[in-house]
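Protein chains in written order, with the UniProt record's numbering: chain D, 1 to 133; chain L, 1 to 160. The C-beta atom is built at its ideal place from N, Cα and C for all residues, glycine as well.
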């Protein structure tokens with residue numbers, strides 16, 4: 001699956017356009033993406049911090065692509081998620097990296113992180129489950 | 001927990017509506033009920049939040065964002081003398097696919113507060129279908145006690 005096709009599919013999903021991100025790297029069971037900051041992503045208007053729900057949504061979107069990059073209509077079906085918020089995310093680009101820890105016949109487990117300045121300083125970590133059937 | 005006064009509720013609604021930009025404004029949230037039992041908020045259908053071409057299936061992420069926001073509101077209602085608040089962690093179960101163009105209703109409450117931490121839980125359903133929840137979530141928040149009060153908590157502290 002080439003990046004161009006994946007990003008073309010990403011741009012067809014209304015909520016992915018709302019998030020405004022691009023997939024930058026894609027291997028088997030792994031996806032990296034970059035999100036562009038917009039005022040609609042803000043949770044704290046004074047400090048201009050990202051909303052926690054936007055960070056969780058971005059990691060969910062990246063995780064869904066890692067699980068099923070060749071989606072053409074609807075992305076992989078999420079079951080549930082757990083997110084740890086580690087640092088505030090400030091105005092500017094946000095990166096996410098998702099790795100499929102296990103992909104079974106019915107269920108996939110994905111671990112994701114997001115960061116800004118450096119991967120060693122994650123903004124949030126997440127665990128996501130997807131239903132494959 | 002004492003009953004929430006009309007004055008406090010008006011102050012909360014005013015503060016909520018005064019957030020000139022950002023996701024909460026975009027979600028066009030409407031506070032329907034505030035009481036000691038928790039809060040109830042309505043989010044109108046928005047095609048931007050869908051994943052399918054027909055725009056009838058909501059993305060799970062927007063439900064997660066909605067829970068996080070409404071937990072914040074539930075904390076303002078339940079806790080006095082908080083100057084900052086940050087989401088520590090959040091868990092959400094997507095109970096069924098969110099297929100509908102109906103408004104979304106969220107109910108949330110802070111079920112335990114300590115000096116440093118608040119614990120919240122909430123449910124989401126489509127208007128008129130309370131018996132068919134689409135998502136349920138729990139979260140914990142780190143609190144900083146101080147004199148800044150309600151407004152300070154929204155403008156200074158919330159790191160999410």
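The Cβ-Cβ distance between residue 44 of chain L and residue 103 of chain L falls below 7 Å.
Residues of the segment 5-25 of chain D with a Cβ closer than 9 Å to any Cβ of chain L, in chain order: 12, 13, 14, 15, 16, 17, 18 and 19. Within 7 Å of the CB of residue 75 of chain D, the CB atoms of chain L belong to 51, in sequence order along the chain.
Look at the segment 100-147 of chain L and you find no whole run of alpha helix (DSSP H) that is 4 residues long or longer. Distance from the CA of residue 97 of chain L to the CA of residue 73 of chain D, rounded to the nearest whole angstrom, comes to 15 Å. Interface with chain D (7 Å Cβ-Cβ cutoff): residue 120 of chain L is excluded. Scanning chain D for C-beta atoms nearer than 8 Å to the C-beta of residue 106 of chain L yields nothing, as the closest lies near 12 Å away.
DSSP places residue 60 of chain D in the helix class (H, G or I) of the three-state scheme. CA-to-CA, the gap between residue 84 of chain L and residue 83 of chain D works out to about 20 Å. The three-state reading of DSSP puts residue 117 of chain D in coil, since its state is none of H, G, I, E or B. Of all residues in the segment 74-93 of chain D, only 74, 75, 77, 78, 79, 80, 81, 82, 83, 84, 85, 87, 88 and 89 place a beta-carbon less than 9 Å from a beta-carbon of chain L.
Within chain D, not a single residue places a beta-carbon under 7 Å from that of residue 101 of chain L; the smallest gap is close to 13 Å. Taking the Cα of residue 120 of chain L as reference, the smallest distance to any Cα among L/46, L/77 and L/9 is reached at L/77. For the pair residue 98 of chain D and residue 76 of chain D, the CB atoms are not nearer than the 7 Å cut-off. In the three-state reduction of the DSSP assignment, residue 48 of chain D falls in the coil class. According to the DSSP secondary-structure assignment, residue 89 of chain D is paired through a beta bridge with no residue.
In terms of CA proximity to residue 115 of chain L, L/145 leads the group L/50, L/51 and L/145. Within 8 Å of the CB of residue 51 of chain D, the CB atoms of chain L belong to 22, 23, 24, 65, 68, 69 and 160, in sequence order along the chain. With a threshold of 7 Å between beta carbons, residue 82 of chain L makes no contact with chain D. When C-alpha distances from residue 101 of chain D are compared across D/111, D/32, D/6 and D/132, the shortest belongs to D/111. Among the residues of chain L, those whose CB is under 9 Å from the CB of residue 60 of chain D are 59, 60, 61 and 64, following chain order. Taking 8 Å as the upper bound for CB-CB distance, residue 141 of chain L and residue 15 of chain D are not in contact here, some 26 Å apart.
Using a CB distance below 9 Å, the part of the segment 35-48 of chain D facing chain L consists of 39, 40, 41, 42, 43, 44, 45, 46, 47 and 48, ordered along the chain.
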